[in-house]
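Structure first, then comments.
2 protein chains.
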Amino acid sequence: MGEAVRVLDVALGERSYPICIGSGLLDEPSHLIRGLGRKRAVVVTNETVAPLYLERVLAGLRANGVEVSEVVLPDGEAYKDWPTLNRIFDALLAKMAERSTTLIALGGGVVGDMTGFAAATYQRGVPFIQIPTTLLSQVDSSVGGKTAINHPLGKNMIGAFYQPKLVLADISTLNSLPDRELKAGLAEVIKYGLIRDLPFFEWLEGNLDRLLAREPEALADAVERSCRNKAEVVAADETEQGERATLNLGHTFGHAIETGLGYGVWLHGEAVAAGTIMAAELSRILGWLTEDDVARIQRLFVRAGLPVRGAPLGADRYLSLMRHDKKVADGQLRLVLLKAIGRATISAEADEAQIRAAIERCGG
Amino acid sequence: MGEAVRVLDVALGERSYPICIGSGLLDEPSHLIRGLGRKRAVVVTNETVAPLYLERVLAGLRANGVEVSEVVLPDGEAYKDWPTLNRIFDALLAKMAERSTTLIALGGGVVGDMTGFAAATYQRGVPFIQIPTTLLSQVDSSVGGKTAINHPLGKNMIGAFYQPKLVLADISTLNSLPDRELKAGLAEVIKYGLIRDLPFFEWLEGNLDRLLAREPEALADAVERSCRNKAEVVAADETEQGERATLNLGHTFGHAIETGLGYGVWLHGEAVAAGTIMAAELSRILGWLTEDDVARIQRLFVRAGLPVRGAPLGADRYLSLMRHDKKVADGQLRLVLLKAIGRATISAEADEAQIRAAIERCGG
């Protein structure tokens with residue numbers, strides 16, 4: 257894997273789009289300009305990211321004749337709600353943004369999800385570009401068109417499938433990322449290895465220290481491999497009728513932790529890590545993984561500085577919160593579990609006692 | 257045109273769906289049952305429609321083994337807003353509605369637009385059925401997948417294109433419709449004649465009195481012909497890149513009246529009627545219609561009991577409100593105008609002085 261810009265395609269027919277991955281892309285507005293249709297844009301970002309990258313993006317666009325303005329939101333999952341979303345709509349209407357105005361999300365998963373949902377619904381849909389600046393959003397949330405806000409009764413409960421026109425992942429933005437967020441992002445990177453790519457899992461076992469040391473080449477490799485896995489899954493199942501649900505490994509348990517503690521106490525990736533261990537433990541209880549498999553997964557998460565035990569909410573509370581999850585069908589809790597490291601399955605086989613046992617064995 | 261159920265298809269590939277038109281369809285749950293996938297549903301209606309039809313719909317579903325509950329919203333365009341939409345989400349989450357739960361809109365355009373938007377966005381999309389109970393919603397808003405809520409700065413500014421699985425138009429529900437609403441619905445019926453169907457316009461000139469007298473056969477004919485026109489336009493241009501915009505004849509002027517006076521003071525169809533006369537007058541100023549054409553259109557609206565003069569907001573206010581409309585591109589106001597009776601066009605040809613003159617000549 258080389259030094260230049262790497263371009264992957266998300267193959268979705270007329271909704272196909274490229275993912276550009278590389279270092280210093282924010283300083284090369286040509287990529288962004290190619291992704292813009294008409295020359296009006298609104299950049300949506302947050303108070304943390306704005307001082308770091310906003311001026312650079314605005315300047316690059318203006319130098320190319322784009323009429324651009326910005327919306328700066330407060331930072332954090334706690335603001336992934338309707339009142340904050342409405343600040344985007346207020347700004348768009350105040351600036352008289354049109355159906356051809358492109359919204360550009362500059363930031364992490366929360367900014368991307370909210371900007372994407374605003375783009376999906378403002379005037380019933382305007383063009384949309386993702387510039388993810390966190391590892392989590394570069395490897396996961398910016399690709400695949402899931403957009404949403406939270407509802408007090410459930411995470412990501414209100415949203416849309418809405419594909420961007422372009423994803424621009426500048427690896428150098430990861431240099432400004434706090435350690436804790438880098439590690440949280442690694443939870444989703446490891447996930448791809450676990451659900452469908454054993455060689456990648458093995459590569460991660462060999463290269464985790466390089467990622468933690470933020471070696472650009474290693475980060476670009478990990479982002480590219482993750483996006484490639486995600487793009488393949490999304491191209492096969494855009495609206496999550498089947499295989500795409502395997503991307504939610506650890507998420508049903510993890511969402512219970514996030515909702516149970518209140519959004520933002522644990523980072524999403526941290527909750528996914530602990531949730532993934534619960535899913536692995538449940539897979540062991542069902543006889544699919546060995547104790548050694550679970551220990552091996554646990555070891556990689558521990559090396560990545562991620563939690564391997566859940567928040568102690570009690571199994572009843574977990575089960576109640578999990579039943580509000582979107583992966584429920586006909587009242588039956590369907591979970592993403594592992595048949596082996598590198599092979600996920602969606603299953604309703606586990607009974608309540610088994611799920612309860614897995615939660616309790618993992619500190620829940 | 258006969259007595260039986262008339263079925264039209266909206267041809268949208270994998271999103272195609274039937275429109276069933278007939279008398280007494282609410283008493284034949286078989287149509288509804290065929291449109292339901294899984295056997296869970298939530299009926300959304302309002303305080304006016306619920307006492308008239310809700311129990312009948314619920315009973316029909318329950319008799320066929322459907323697990324169904326209901327959400328009753330306050331009535332009126334003033335409630336087509338986020339807090340009211342959120343009442344639907346609250347209810348869906350409280351009832352743990354799943355991705356396979358069908359939302360059924362029972363009511364007029366406001367109920368349909370809001371239920372449709374809730375269906376488009378709850379868990380990123382659940383199935384959706386329209387049972388329109390007003391003439392306006394039977395001939396227009398229930399067909400074509402436009403869903404939305406209002407924003408204080410603009411009507412229908414937040415929404416989605418989201419197609420129903422089935423539209424069930426029971427003509428007998430029009431018997432309970434207040435005269436004023438029947439007439440408001442006729443504005444959209446006449447619109448189809450004006451934009452693309454001169455023979456239908458002539459049929460309306462000959463049969464308007466039968467419609468005002470609510471003759472079931474005449475109403476079914478008018479609803480069928482209107483839906484057929486709409487289905488053809490929507491099939492050709494689902495997301496309003498071109499021809500579909502002609503369905504907005506009179507709407508840019510009309511939305512200015514609705515927003516300027518505050519939602520709900522004029523009925524939507526009333527505002528469209530006055531707005532259509534403004535569009536016709538502007539078409540005359542541009543040399544496309546004759547004075548006789550404008551007078552002929554005006555005559556039909558007057559016979560239908562519809563306003564042919566706008567609310568006196570002043571031309572400046574109209575122009576300012578119209579610039580917030582969704583039909584603006586690159587700052588240019590694009591209007592639906594008439595090249596002839598039966599032939600609409602989308603045009604940016606009119607300059608501000610001409611638009612102003614049309615508004616002023618029509619009492620705006």
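Residue numbers (the numbering used here), protein chains in the order written: chain R, 257 to 620; chain B, 257 to 620.
Backbone N, C-alpha and C fix where the C-beta goes; we use that ideal spot for every residue, glycine too.
Since the model is a prediction, treat every value here as computed from it, not as a measurement.
**Request:** Within the same chain, show all residues whose beta-carbon is closer than 6 Å to that of B/D426, passing over the 5 residues directly before and after it, in chain order.
**Result:** Position 170 of the second sequence, counted from the start, is the residue given in the question as residue 426 of chain B. Excluding sequence neighbours, B/D426 sits near L281, L282.
**Asked** B/K402: which of R/M413, R/V399, R/S325, R/Q379 sits nearest, CA to CA?
**Response** As a working mapping, residue 402 of chain B is identified with position 146 in the second sequence. Among R/M413, R/V399, R/S325, R/Q379, the Cα nearest to that of B/K402 belongs to R/Q379.
**Message:** By the three-class DSSP mapping on this structure, what secondary structure does R/I597 have?
**Reply:** As a working note, residue 597 of chain R is residue 341 in the first sequence. Reduced to three states, the DSSP call for R/I597 is coil.
**Request:** Taking B/V349 as the query, report the chain R residues whose CB atoms sit under 9 Å from its CB, ordered along the chain.
**Result:** The sequence position of residue 349 of chain B within the second sequence is 93, counting from 1. Val is not the amino acid found at residue 349 of chain B; the sequence shown has Leu there. Neighbours of B/L349 on chain R, chain order: H407, P408, L409, G410, M413, H580.
**Request:** Go ahead and pull the three-state DSSP assignment for R/A353.
**Result:** Within the first sequence, numbered from 1, the residue matching residue 353 of chain R stands at position 97. Reduced to three states, the DSSP call for R/A353 is coil.
**Prompt:** In terms of alpha-carbon separation, which member of R/K295, R/L545, R/A614, R/A529 lies closest to R/R436?
**Reply:** For the purposes of this step, residue 436 of chain R is taken as residue 180 along the first sequence, with counting starting at 1. Minimum Cα distance to R/R436 is reached at R/A529.
**Message:** Tell me the rounded alpha-carbon separation between R/Q588 and R/A604.
**Reply:** As a first step, residue 588 of chain R must be located in the first sequence, where it is residue number 332. As a first step, residue 604 of chain R must be located in the first sequence, where it is residue number 348. The alpha-carbon atoms of R/Q588 and R/A604 are separated by roughly 7 Å.
**Request:** Tell me whether B/K486 is buried or exposed, calling it buried when 16 or more other Cβ atoms sit within 10 Å of its Cβ.
**Result:** As a working note, residue 486 of chain B is residue 230 in the second sequence. With 16 or more Cβ atoms within 10 Å of its Cβ, B/K486 is classed as buried.
**Message:** Using a Cβ-Cβ distance cut-off of 9 Å, determine whether R/A297 contacts chain B.
**Reply:** Along the first sequence, read from residue 1 onward, the residue named residue 297 of chain R stands at position 41. Not one beta carbon of chain B lies nearer than 9 Å to the beta carbon of R/A297.
**Request:** Quickly, what does DSSP pair B/D426 with across the bridge? List them, please.
**Result:** In the second sequence, residue 426 of chain B corresponds to position 170, counting from 1. Answer by DSSP bridge pairing, in chain order: B/G278.
**Asked** Is any beta-carbon of chain B found at less than 9 Å from that of R/K402?
**Response** Position 146 of the first sequence, counted from the first residue, corresponds to residue 402 of chain R. It does: the Cβ of R/K402 has a partner Cβ on chain B nearer than 9 Å.
**B/K411, enclosing beta strand (DSSP E) - first and last residue** = Counting from 1 along the second sequence, the entry for residue 411 of chain B is found at position 155. Counting along the chain, the beta strand (DSSP E) containing B/K411 begins and ends at 410–417.
**Prompt:** How about the segment 358–370 of chain R and the segment 328–344 of chain R: do they share at least three Cβ pairs that are nearer than 8 Å?
**Reply:** yes
**Message:** Between R/D572, R/K411, R/L545, R/A536, which has its C-alpha nearest R/F557's C-alpha?
**Reply:** As a working mapping, residue 557 of chain R is identified with position 301 in the first sequence. The shortest C-alpha to C-alpha distance from R/F557 to any of R/D572, R/K411, R/L545, R/A536 is the one to R/A536.
**Prompt:** Does B/Y335 come within less than 9 Å of chain R when only Cβ atoms are used?
**Reply:** By one-based count along the second sequence, residue 335 of chain B stands at place 79. For B/Y335, the answer is no, since every Cβ of chain R falls outside 9 Å of its Cβ.
**Pairwise C-alpha distance: R/L314 and R/D346** = Counting from one through the first sequence, the residue named residue 346 of chain R turns up at place 90. Counting from one through the first sequence, the residue named residue 314 of chain R turns up at place 58. R/D346 and R/L314: Cα-Cα distance of roughly 20 Å.
**Message:** Please report the distance separating the alpha-carbon of B/P420 from that of B/G293.
**Reply:** Walking along the second sequence from the start, residue 420 of chain B turns up at place 164. Walking along the second sequence from the start, residue 293 of chain B turns up at place 37. Approximately 12 Å, taken between the alpha carbons.
**Request:** In angstroms with no decimal places, state the Cα-to-Cα distance between B/P568 and R/A440.
**Result:** For the purposes of this step, residue 568 of chain B is taken as the residue at position 312 of the second sequence. For the purposes of this step, residue 440 of chain R is taken as the residue at position 184 of the first sequence. Each residue's alpha carbon lies about 59 Å from the other.
**Where the alpha helix (DSSP H) through B/H407 begins and ends** = Reading the second sequence from its first residue, position 151 is the one you call residue 407 of chain B. Not the alpha helix (DSSP H): B/H407 falls in the beta strand (DSSP E), residues 402–407.
**Request:** With a 10 Å radius around its C-beta and 16 neighbouring C-beta atoms as the bar for buried, classify B/R318 as buried or exposed.
**Result:** As a working mapping, residue 318 of chain B is identified with position 62 in the second sequence. Burial call: exposed.
**Prompt:** Around the C-beta of B/G244, are 16 or more other C-beta atoms found within 10 angstroms, so that it is buried, or is it exposed?
**Reply:** Examination of residue 244 of chain B is not possible in this model, given that chain B is present from 257 through 620 alone.
**Request:** Check the Cβ of B/F345 against every Cβ in chain R and list those closer than 9 Å, keeping chain order.
**Result:** Position 89 of the second sequence, counted from the start, is the residue given in the question as residue 345 of chain B. Ordered by position in chain R, the residues that pass the 9 Å Cβ test against B/F345 are H407, L409, M413, I414.
**Item:** Local conformation of R/V521 per DSSP, three classes
**Value:** If you number the first sequence from 1, residue 521 of chain R lands on position 265. Three-state result, R/V521: coil.
**Prompt:** Is B/Y621 close to chain R, meaning its C-beta is less than 9 Å from at least one C-beta of that chain?
**Reply:** Because chain B here runs from 257 to 620, residue 621 of chain B falls outside it and cannot be looked at.
**Message:** Which residues does DSSP list as the beta-bridge partners of R/G566?
**Reply:** As a working mapping, residue 566 of chain R is identified with position 310 in the first sequence. Per DSSP, none; premise fails for R/G566.
**Anticipated Cβ contact below 8 Å, R/V327 with R/Q394, distance rounded** = By 1-based counting over the first sequence, the position of residue 327 of chain R is 71. By 1-based counting over the first sequence, the position of residue 394 of chain R is 138. Between R/Q394 and R/V327 the Cβ distance is about 21 Å, and since that is not below 8 Å, they are no contact.
**Prompt:** Going along chain R in order, which residues have a C-beta closer than 8 Å to the C-beta of B/F417?
**Reply:** Position 161 of the second sequence, counted from the start, is the residue given in the question as residue 417 of chain B. Within chain R, the residues near B/F417 are R380, G381.
**Request:** Consult DSSP for R/R590 and reduce its assignment to one of helix, strand or coil.
**Result:** Start at 1 with the first residue of the first sequence, and residue 590 of chain R comes out as number 334. Reduced to three states, the DSSP call for R/R590 is coil.
**Asked** In angstroms, rounded to a whole number, what distance separates the CA positions of B/Q386 and B/G400?
**Response** Numbered from its first residue, the second sequence carries residue 386 of chain B at position 130. Numbered from its first residue, the second sequence carries residue 400 of chain B at position 144. Spanning the two alpha carbons is a distance of roughly 11 Å.
**Best match in B/L288, B/L467, B/F456 for proximity to B/R559 [C-alpha to C-alpha]** = Here residue 559 of chain B refers to the residue found at position 303 when the second sequence is read from its first residue. Answer by Cα proximity: B/L467.
**Request:** Less than 8 Å between the CB atoms is what I'm expecting for B/P285 and B/G321, so what's the real figure, rounded?
**Result:** The residue labelled residue 285 of chain B in the question sits at position 29 within the second sequence. The residue labelled residue 321 of chain B in the question sits at position 65 within the second sequence. That belief does not hold up - the Cβ atoms of B/P285 and B/G321 are roughly 11 Å apart, past 8 Å.
**Message:** I'd like to know whether the C-beta atoms of R/I277 and R/L422 end up nearer to each other than 9 Å.
**Reply:** As a working note, residue 277 of chain R is residue 21 in the first sequence. As a working note, residue 422 of chain R is residue 166 in the first sequence. It is not a contact, given that the beta carbons lie outside the stated cut-off.
**Request:** Kindly indicate if chain B contains any beta-carbon less than 9 Å away from that of R/M352.
**Result:** Position 96 of the first sequence, counted from the first residue, corresponds to residue 352 of chain R. With 9 Å as the cut-off, R/M352 counts as an interface residue toward chain B.
**Request:** Run down chain R in chain order and give the residues with a C-beta less than 8 Å from the C-beta of B/W338.
**Result:** Numbered from 1 along the second sequence, position 82 holds the residue referred to as residue 338 of chain B. Going along chain R in sequence order, the residues near B/W338 (Cβ under 8 Å) are W338, N342.
**Request:** Below 7 Å CB to CB, which residues in the same chain sit around R/S272 once its five sequence neighbours on both sides are set aside?
**Result:** Counting from one through the first sequence, the residue named residue 272 of chain R turns up at place 16. Closer than 7 Å at Cβ, skipping near neighbours: D265, V266.
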